[in-house]
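**Q** Start counting the sequence shown at 116; every next residue gets the next number (my numbering).
We treat Cβ as the ideally placed atom computed from N, Cα and C, and that holds for glycine.
My questions all concern the structure below.
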Amino acid sequence: MAESWLQSRFTRMSRWFAGDEPRAPQDPAPAEHHHEPSLIESADFSNLTLEEVLRREPGALSVTLHIVTLRAFKEVVAAEWARYARNVELICDGVFRRHLEVRHVYSLHGDDTFILSFADLP
Numbered sequence: 116m117a118e119s120w121l122q123s124r125f126t127r128m129s130r131w132f133a134g135d136e137p138r139a140p141q142d143p144a145p146a147e148h149h150h151e152p153s154l155i156e157s158a159d160f161s162n163l164t165l166e167e168v169l170r171r172e173p174g175a176l177s178v179t180l181h182i183v184t185l186r187a188f189k190e191v192v193a194a195e196w197a198r199y200a201r202n203v204e205l206i207c208d209g210v211f212r213r214h215l216e217v218r219h220v221y222s223l224h225g226d227d228t229f230i231l232s233f234a235d236l237p
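This is how it looks when you write it as structure tokens:
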């Protein structure tokens, strides 16, 4: 059952990339909240050495890694992947930029795998 749901989603996404389905409305901007900047978010962070960062804030560099792969989608669209790959990358980039904070990092590895690094998560 989960496979058929997943396949229907990928099929729908394939049609969307081909221009056969209308775009969904965008979500409203999230409410702004104020917080005190951590050492990593501060302006002088880039000028500090690793030893200074660890001395000032020992947990500053603890991160949680998440690997997000689009391999299943790539297999569903098969021959069309070459045509969709750049658009998929741009969409993922936009989603990550919109939802990740400054201290979180992501990067693309290969053409179907993203590695996300979340700072300060348990």
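Kindly give me the distance between the Cβ atoms of residue 221 and residue 211, rounded to whole angstroms, as I take these residues to be in contact under 8 Å.
**A** For the purposes of this step, residue 221 is taken as the residue at position 106 of the sequence shown. For the purposes of this step, residue 211 is taken as the residue at position 96 of the sequence shown. Their Cβ separation, rounded to whole angstroms, is 5 Å, which keeps residue 221 and residue 211 in contact under 8 Å.
**Q** Which of helix, strand or coil does DSSP assign to residue 214?
**A** Translated into the one-based positions of the sequence shown, residue 214 becomes position 99. Helix.
**Q** Can you say whether residue 223 is buried or exposed, counting buried as having 16 or more other CB atoms within 10 angstroms of its CB?
**A** To locate residue 223, count along the sequence shown from 1; it is residue 108. Exposed: under 16 other Cβ atoms inside 10 Å.
**Q** Would you report the Cα separation of residue 179 and residue 234, rounded to the nearest angstrom?
**A** What you label residue 179 is simply residue 64 of the sequence shown in a count that begins at 1. What you label residue 234 is simply residue 119 of the sequence shown in a count that begins at 1. Straight-line Cα distance between these residues: approximately 6 Å.
**Q** Give me the DSSP bridge partner(s) of residue 188.
**A** For this step, residue 188 is matched to residue 73 along the sequence shown. DSSP output for residue 188 lists no bridge partner at all.
**Q** Between which residues of its own chain and residue 213 is the CB-CB distance below 8 Å, once the five residues before and five after are set aside?
**A** As a working note, residue 213 is residue 98 in the sequence shown. Closer than 8 Å at the Cβ level, and outside the excluded window around residue 213, lies no residue.
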